[in-house]
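Asks: Take a look at this one; I'll ask things after.
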Amino acid sequence: MAINSTFKITPSTNPLSAAEREQKLQAIQFGRVFTDHMAVVKYSNGTWHDPEVKPYGPLSLDPSASVLHYGQAIFEGFKAYRQPDGSVSLFRPEQNGERFNRSAARLAMPAIPKEIFIGAAEALVAVDQAWVPSGSGESLYLRPFMIATDPYLGVRPSNEYLFLLIASPAGEYFPQGLKPVSVWASKEYVRAAPGGTGEAKCAGNYAASLLAQAEATQHGCDQVIWLDAIEREYIEEMGGMNLFFVYRENGEPVIVTPGLTGTLLPGITRSTLLQLAGDLGYKAEERRLALTNVLQDIASGAISEVFACGTAAVITPVGLIKGRGFEQGINNNENGPVALALRDALLGIQRGTAADTHGWLHQVALG
Ligand SMILES: *Cc1c(COP(=O)(O)O)cnc(C)c1O
Numbered sequence: 001m002a003i004n005s006t007f008k009i010t011p012s013t014n015p016l017s018a019a020e021r022e023q024k025l026q027a028i029q030f031g032r033v034f035t036d037h038m039a040v041v042k043y044s045n046g047t048w049h050d051p052e053v054k055p056y057g058p059l060s061l062d063p064s065a066s067v068l069h070y071g072q073a074i075f076e077g078f079k080a081y082r083q084p085d086g087s088v089s090l091f092r093p094e095q096n097g098e099r100f101n102r103s104a105a106r107l108a109m110p111a112i113p114k115e116i117f118i119g120a121a122e123a124l125v126a127v128d129q130a131w132v133p134s135g136s137g138e139s140l141y142l143r144p145f146m147i148a149t150d151p152y153l154g155v156r157p158s159n160e161y162l163f164l165l166i167a168s169p170a171g172e173y174f175p176q177g178l179k180p181v182s183v184w185a186s187k188e189y190v191r192a193a194p195g196g197t198g199e200a201k202c203a204g205n206y207a208a209s210l211l212a213q214a215e216a217t218q219h220g221c222d223q224v225i226w227l228d229a230i231e232r233e234y235i236e237e238m239g240g241m242n243l244f245f246v247y248r249e250n251g252e253p254v255i256v257t258p259g260l261t262g263t264l265l266p267g268i269t270r271s272t273l274l275q276l277a278g279d280l281g282y283k284a285e286e287r288r289l290a291l292t293n294v295l296q297d298i299a300s301g302a303i304s305e306v307f308a309c310g311t312a313a314v315i316t317p318v319g320l321i322k323g324r325g326f327e328q329g330i331n332n333n334e335n336g337p338v339a340l341a342l343r344d345a346l347l348g349i350q351r352g353t354a355a356d357t358h359g360w361l362h363q364v365a366l367g
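Each step along the sequence shown adds one to the number in full-length UniProt numbering, with nothing skipped, and position 285 is 285.
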């Protein structure tokens, strides 16, 4: 756990006072408030150098920096959780580090050593440990990202990059209580095509999703469901989350999620739930799911629940699927028992109230 020893620490000269910080932690607004510091690592001449934790603040970039023109940018998201004994643990950060490097490879960016990726999180969380909230459903959201900084308009991979890590306290995602969302199945727009960047967590994927999300909103839905690019029939994801369908086999739940075809983002929550299912005695399967069949199976009762999963909201039940010419309610628009059981089990491990039998927690040395 001495990974962070290489980070130079430059403390903020005007951090928020404890009272100001507590005030911000009272009414947490996700993604709007950031801790006093950030981690920065530079890349040039083929190496990462000058790892530093310094005061949070604006970056200075040349207007010709290639990220601003061609979008060579990737990111990750994971959380630090306050444990019952006051310590702080990260949830599966190695998984995010590995996915970050797969995203980097797809965007022709350099890989970042695990010691730097995880070391940045350890160093920043240690410095800003007072920002890790302890309330139910609360955490410190960590956002690592990498941008191309060459001041050059030619189209080629940049030679220089910045890796940054910022942190934002996250409150209970559903302050009014968990309730199902409605989704719009888009046949107009696609998120990812074979050979494209759908498997990578790159900034551009999100820019390209905004119009489809707006279309979903126009149809009165909370979120968009992405179908495959070719047949516009096979279910892939919901917004920025993966999807699960609960079938029943002889009355026993089988949780089914679309297989990773190359156009889905391989969610860490998704893979966590596939493992956790076994602990709860559920069968779990990955396979192709056609929208037409799914709608029939919901109508017939073969599918009893649908839910989405991701780091930010953990598990969100889906209560209604709409599209051009159809509308299908699910489980009377109520939270289903399987979604709730998986959610409780996962939150219990993350908060340290259930045994971490899979070794998913990574404790941070708070110094
Ligand atoms: C990040 C992301 C997810 C969820 O991944 P987690 O690792 O579970 O947070 C799902 N789909 C898309 C498109 C994403 O960008």
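No residue lacks a Cβ here, since even glycine has one placed at the ideal position from N, Cα and C.
Following a CB-centred definition, is Met146 positioned closer than 7 Å to any heavy atom of ligand 1?
Replies: The residue given as residue 146 occupies position 146 in the sequence shown. No, ligand 1 has no heavy atom inside 7 Å of this Cβ.
Asks: Would you tell me roughly how many angstroms separate the C-alpha atoms of Ser17 and His219, rounded to the nearest one?
Replies: Here residue 17 refers to the residue found at position 17 when the sequence shown is read from its first residue. Here residue 219 refers to the residue found at position 219 when the sequence shown is read from its first residue. Going by the C-alpha atoms only, they are around 45 Å apart.
Asks: Please determine whether the Cβ atom of Met241 lies at a distance below 7 Å from any heavy atom of ligand 1.
Replies: Walking along the sequence shown from the start, residue 241 turns up at place 241. True, at least one ligand heavy atom lies under 7 Å from that Cβ.
Asks: How far does the beta strand (DSSP E) with Arg288 in it extend, from its first residue to its last?
Replies: Locating residue 288 in the sequence shown gives position 288, counting from the first residue. Looking at the DSSP string, Arg288 is not in any beta strand (DSSP E), and its letter there is neither H nor E.
Asks: Name the two residues that bound the continuous beta strand (DSSP E) containing His69.
Replies: Position 69 of the sequence shown, counted from the start, is the residue given in the question as residue 69. Looking at the DSSP string, His69 is not in any beta strand (DSSP E); the run it does join, the alpha helix (DSSP H), is Ser66 to Tyr70.
Asks: Just how far apart, CA to CA, sit Gln23 and Val33?
Replies: Taking the sequence shown and counting its residues from 1, one reaches residue 23 at position 23. Taking the sequence shown and counting its residues from 1, one reaches residue 33 at position 33. In a straight line, the C-alpha of Gln23 is about 11 Å away from that of Val33.
Asks: Measure the CB-CB distance between Gly367 and Tyr81 and report whether it falls below 8 Å.
Replies: Within the sequence shown, the letter at position 367 stands for residue 367. Within the sequence shown, the letter at position 81 stands for residue 81. No, these two residues do not count as a Cβ contact at 8 Å.
Asks: Within the continuous beta strand (DSSP E) that includes Asp50, where are the two ends?
Replies: Here residue 50 refers to the residue found at position 50 of the sequence shown. Thr47 to Pro55 is the extent of the beta strand (DSSP E) around Asp50.
Asks: Considering only the alpha carbon of each residue, which of Asn331, Ala355 and Arg324 lies closest to Ser300?
Replies: As a first step, residue 300 must be located in the sequence shown, where it is residue number 300. Taking only the C-alpha atoms, the option nearest Ser300 is Asn331.
Asks: Met1 to Asn250, Cα distance in whole Å?
Replies: In the sequence shown, the residue the question calls residue 1 occupies position 1. In the sequence shown, the residue the question calls residue 250 occupies position 250. Residue confidence is low: Met1 scores 40 on pLDDT, short of 50, so the model does not pin down where it sits. Its coordinate-derived value is still stated next. Taking the straight line joining both Cα atoms gives about 47 Å.
Asks: Which residue's Cα is closest to the Cα of Ala111: Val132, Pro266 and Ser44?
Replies: Numbered from its first residue, the sequence shown carries residue 111 at position 111. Closest by alpha carbon: Ser44.
Asks: Kindly give me the distance between the Cβ atoms of Leu243 and Lys187, rounded to whole angstroms, as I take these residues to be in contact under 8 Å.
Replies: The residue you call residue 243 lines up with position 243 of the sequence shown. The residue you call residue 187 lines up with position 187 of the sequence shown. About 17 Å; that fails the 8 Å criterion.
Asks: Terminal residues of the continuous beta strand (DSSP E) containing Thr316?
Replies: For the purposes of this step, residue 316 is taken as the residue at position 316 of the sequence shown. It spans Val314 to Gly323 - the beta strand (DSSP E) in which Thr316 sits, taken as one unbroken run.
Asks: CA-CA distance, Ala302 and Ala104?
Replies: Along the sequence shown, read from residue 1 onward, the residue named residue 302 stands at position 302. Along the sequence shown, read from residue 1 onward, the residue named residue 104 stands at position 104. Using only the alpha carbons, I get a separation of about 40 Å.
Asks: By alpha-carbon positions, which one of Trp184, Pro194, Ser134 and Ala208 ends up nearest to Leu295?
Replies: One-based indexing of the sequence shown puts residue 295 at position 295. Closest by alpha carbon: Trp184.
Asks: Return yes when the C-beta of Lys201 is under 7 Å from any heavy atom of ligand 1, and no when it is not.
Replies: Taking the sequence shown and counting its residues from 1, one reaches residue 201 at position 201. Yes.
Asks: Three-state secondary structure (DSSP) at Gly198?
Replies: For the purposes of this step, residue 198 is taken as residue 198 along the sequence shown, with counting starting at 1. Residue state, collapsed to three classes: coil.
Asks: Could you check where the beta strand (DSSP E) with Asn242 kicks off and where it finishes?
Replies: Position 242 of the sequence shown, counted from the first residue, corresponds to residue 242. Taken as a continuous stretch (DSSP letters only), the beta strand (DSSP E) holding Asn242 covers Met241 to Glu249.
Asks: State yes or no: is the C-beta of Asn333 within less than 8 Å of the C-beta of Leu320?
Replies: Position 333 of the sequence shown, counted from the start, is the residue given in the question as residue 333. Position 320 of the sequence shown, counted from the start, is the residue given in the question as residue 320. The answer is yes: Cβ separation under 8 Å.
Asks: If I'm right that Phe7 touches Glu76 with Cβ under 8 Å, what's the distance once you round it to whole angstroms?
Replies: The count along the sequence shown starts at 1 and reaches residue 7 at position 7. The count along the sequence shown starts at 1 and reaches residue 76 at position 76. Not confirmed; about 18 Å, so no contact.
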